[in-house]
Structure formats: structure tokens, C-alpha cells
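Colleague: The sequence shown: position 163 = 176 (my numbering), numbered continuously. C-beta: ideal position from N, C-alpha, C; glycine also. Values in this document were obtained by computation on a predicted structure and should not be read as measured data.
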Amino acid sequence: MDKTTLKQIKGNLKPCMKAAGFKTEGQWYVRVTNRQICQIINFQGFSGGDCFTVNIGIYPLCAEEITNYKYHNLDIRIGMLMGKGDTWWNYTKESADQVAQIISELVLPVLERCSSYEALLAVADKDRIAKETDPLFAPLSVISEHMWYGTLFYLSIAMGAYDKAAFYLEKQIAAQRDTAEENLKWYDLVISEATTESAKADWLEKKEENLQFFQKKIDRLLAMKEQLKQGDWGGILDEIAQNEKAGLENLSKYVI
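(1) Pair every Cβ in the stretch 127-141 with every Cβ in the stretch 54-63, then say whether three or more of these pairs are closer than 8 Å.
(2) On the three-state DSSP scale, how would you describe ILE249?
(3) How many angstroms separate the CA atom of ASP147 from the CA atom of ALA33?
(4) Could you tell me the distance, in whole angstroms, from the CA atom of LEU197 to the CA atom of GLN111?
(5) Using a Cβ-Cβ cutoff of less than 7 Å, which residues in the same chain neighbour GLN21 once the five nearest sequence positions on both sides are dropped?
(6) Please name the residue in PHE150, LYS16, GLN49, ILE50 whose C-alpha comes closest to that of GLU38.
(7) If you run the structure through DSSP and keep just helix, strand and coil, what is PHE35?
(8) In three-state DSSP terms, what is PRO148?
(9) Can you give me the C-alpha to C-alpha distance between LEU202 and LYS220, rounded to a whole angstrom?
(10) According to DSSP, is TYR104 part of a helix, a strand, or is it coil?
(11) Could you compute how far the alpha carbon of GLY98 sits from the alpha carbon of GLY92?
(12) Roughly how many whole angstroms lie between the Cα atoms of ALA174 and LYS258?
(13) Report yes if the C-beta distance between GLN189 and LYS242 is below 8 Å; otherwise report no.
(14) Exposed or buried, what is ARG90 when buried is set at 16 or more other beta-carbons lying within 10 Å of its beta-carbon?
(15) Less than 8 Å between the beta carbons of PRO73 and LEU133, yes or no?
(16) Along the chain, where does the beta strand (DSSP E) that runs through ILE54 open and close?
(17) Return the first residue and the last residue of the beta strand (DSSP E) that TRP41 is part of.
(18) Compute the beta-carbon to beta-carbon distance between MET237 and ILE249, rounded to the nearest angstrom, for a pair I have assumed lies under 8 Å.
(19) What first and last residue would you give for the beta strand (DSSP E) that runs through TRP69?
(20) Can you check which of these residues, GLY247, ASN256, TYR267, is closest to ILE79 by C-alpha distance?
(21) One question on the structure: do ALA76 and LEU149 come within less than 8 Å of each other, judged by their Cβ atoms?
(22) Can you give me the C-alpha to C-alpha distance between PHE35 and ARG233, rounded to a whole angstrom?
(23) Could you give the distance in angstroms between the alpha-carbon of MET30 and the alpha-carbon of VAL268?
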């Protein structure tokens, strides 16, 4: 990321980002809202050219133990929130001014609407967003489409919405099975095209490892499904409490 352009953007954003409670570290803005949601804005330069983009991350502390925000995948590009797909800017003052304006006028309002477990669950349910009257309907819909079923499951448990949690858990199990099936098909293709018995044996071993990896994940989800069926979600609530505790400890300087 070009240091001059980054400095110009951060200079433009300083008042509103400070007021919003974001801490800045190099190419990162970070905050934790309501002691529940870690929100990240990251500037990413393109290694093969003179341009950059902006990444957005929204991570509920209940869903996983966050040890370092930089190790998380940033799920949404700013261009997606703009309705333009993957968008990059050249390193110019005009671009710096434009991006700063988009962050202050679009990204920050969207993040404010995703600042608690309850709010994030509402965003996931598009029917609860007023399409005709909500000026943020389009970008919030993008957020909804990029939320993982596993995340929504933990959000639902944290909010005591156990029926909804069961629904998202079923979706997650189905998604894991689909992913496992696609992976195995890929391995079968590679194995069929292997030119030596040694290579074929190596890929067969990797296929078996991959199968065991996904089976372990699916078995864990099925065990959680049985817990919900029996009305025993204490273990999951304990896991959520541990995730939240670790997240708040690791991100303490960003809590607002």
C-alpha cells in the first residue's frame, strides 16, 4: 500500500474514525462494539500494480476465539458494498479523497447497523430489512449473503434463538457435506490423471486425509445437532463464553 495515499485517506478520516471508536494500526482500523462484534477495515495494495482496495471484516466474538485480528479472512470488499463488485483505485489524491468519503458515508453506517449480535441476526434475515425504505438495504444484503451458517448458528445460540440455531446448523451440515463431496470429486479427478503409481498412491493418501478432516467436522456438527435436539446446549454456551472471554482479552485495546 502506497504510504502517501494511505496517509491522505487516514488524514481525511481521522475525525469520523476517532468519533466511531476505531483504533488505527498501519493499514488497519479495528474496533469491538458492544463487547460483541470485532469490526475491521483494511487497506490492501495490489502486488502487481499501482492500485489498492479496501476490505471489511465483521466477526462476532461468540463464534470463534479471536487471537489476532490480522489472521482472519477479510470477507467483503468495499466495492461489493457499493454494488460494483471488486473495485480498485489508483494511488492518487483524488482516489484517496473518494475512498475516504465512501468509508465515512457508506461503510461506517453499515458497520453501525452490524454492531451487536441482535443487529447482525436482523441483517441476516432480509425480511426484517425494509427494502423500499431502507437506504442501506443493498449493502446490508451483501453482508447477509456473506455470513457463514456456522457464524449464524453461534449468533442464534448466544441470543437464545434455539429454533433458528437448529435451522442454521442444518444448513451448515449440508454445506459441509457439499464441500466434502466437491473436494473428493476433485481428488478423484487428480487421481485418474496421475501418470505414475507412486503419484496415484500419494493422492489417494491425501484424499483419505481430506475425507477424515471433513468427517470429523461433520461428526462434531451432528453431535451439536443431537445436543440441541435433547435441549442440552450448555456445552455450546460454555464454548461461546470462552470465545467471548478470549476475544475480549486479546482485543481489549479495541473495545469501545
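Modeller: In short:
(1) no
(2) Against the sequence shown, residue 249 aligns to sequence position 236. In this structure, ILE249 counts as helix in the three-state DSSP scheme.
(3) The residue labelled residue 147 in the question sits at position 134 within the sequence shown. The residue labelled residue 33 in the question sits at position 20 within the sequence shown. Each residue's alpha carbon lies about 22 Å from the other.
(4) If you number the sequence shown from 1, residue 197 lands on position 184. If you number the sequence shown from 1, residue 111 lands on position 98. So the alpha carbons of these two residues sit roughly 45 Å apart.
(5) By one-based count along the sequence shown, residue 21 stands at place 8. Same-chain partners within the cutoff: LYS106, ALA109.
(6) The residue given as residue 38 occupies position 25 in the sequence shown. Considering only alpha carbons, the answer is LYS16.
(7) Start at 1 with the first residue of the sequence shown, and residue 35 comes out as number 22. DSSP places PHE35 in coil when its eight states are reduced to three.
(8) Position 135 of the sequence shown, counting from 1, holds the residue named residue 148. It is coil, neither helix nor strand.
(9) On the sequence shown, residue 202 is found 189 positions in, with the first residue counted as 1. On the sequence shown, residue 220 is found 207 positions in, with the first residue counted as 1. Distance between the alpha carbons of LEU202 and LYS220 is about 11 Å.
(10) Locating residue 104 in the sequence shown gives position 91, counting from the first residue. If DSSP states are grouped into helix, strand and coil, TYR104 belongs with coil.
(11) For this step, residue 98 is matched to residue 85 along the sequence shown. For this step, residue 92 is matched to residue 79 along the sequence shown. Roughly 5 Å separates the two Cα atoms.
(12) Taking the first residue of the sequence shown as position 1, residue 174 is located at position 161. Taking the first residue of the sequence shown as position 1, residue 258 is located at position 245. So the alpha carbons of these two residues sit roughly 21 Å apart.
(13) Taking the first residue of the sequence shown as 1, we reach residue 189 at position 176. Taking the first residue of the sequence shown as 1, we reach residue 242 at position 229. Taking 8 Å as the Cβ cut-off, GLN189 and LYS242 do not qualify as a contacting pair.
(14) As a first step, residue 90 is located in the sequence shown; it is residue number 77 there, counting from the start. If you draw a 10 Å sphere on the C-beta of ARG90, you find 16 or more other C-beta atoms in it, and that means buried.
(15) As a first step, residue 73 is located in the sequence shown; it is residue number 60 there, counting from the start. As a first step, residue 133 is located in the sequence shown; it is residue number 120 there, counting from the start. In this structure, LEU133 lies closer than 8 Å to PRO73 by Cβ.
(16) Here residue 54 refers to the residue found at position 41 of the sequence shown. Residues 50-58.
(17) Residue mapping note: residue 41 aligns to position 28 of the sequence shown, counting from 1. Counting along the chain, the beta strand (DSSP E) containing TRP41 begins and ends at 41-46.
(18) Locating residue 237 in the sequence shown gives position 224, where the first residue counts as 1. Locating residue 249 in the sequence shown gives position 236, where the first residue counts as 1. Confirmed, about 6 Å.
(19) Taking the sequence shown and counting its residues from 1, one reaches residue 69 at position 56. The sequence shown places Ile at residue 69, not Trp. Per DSSP, ILE69 belongs to the beta strand (DSSP E) from 64-73.
(20) Your numbering for residue 79 matches position 66 in the sequence shown. It is ASN256 whose Cα lies nearest to the Cα of ILE79.
(21) The sequence position of residue 76 within the sequence shown is 63, counting from 1. The sequence position of residue 149 within the sequence shown is 136, counting from 1. No, the pair does not count as a contact, with Cβ atoms beyond the cut-off.
(22) Start at 1 with the first residue of the sequence shown, and residue 35 comes out as number 22. Start at 1 with the first residue of the sequence shown, and residue 233 comes out as number 220. Distance between the alpha carbons of PHE35 and ARG233: 36 Å.
(23) Taking the sequence shown and counting its residues from 1, the one referred to as residue 30 is at position 17. Taking the sequence shown and counting its residues from 1, the one referred to as residue 268 is at position 255. Cα to Cα, the separation comes out at about 14 Å.
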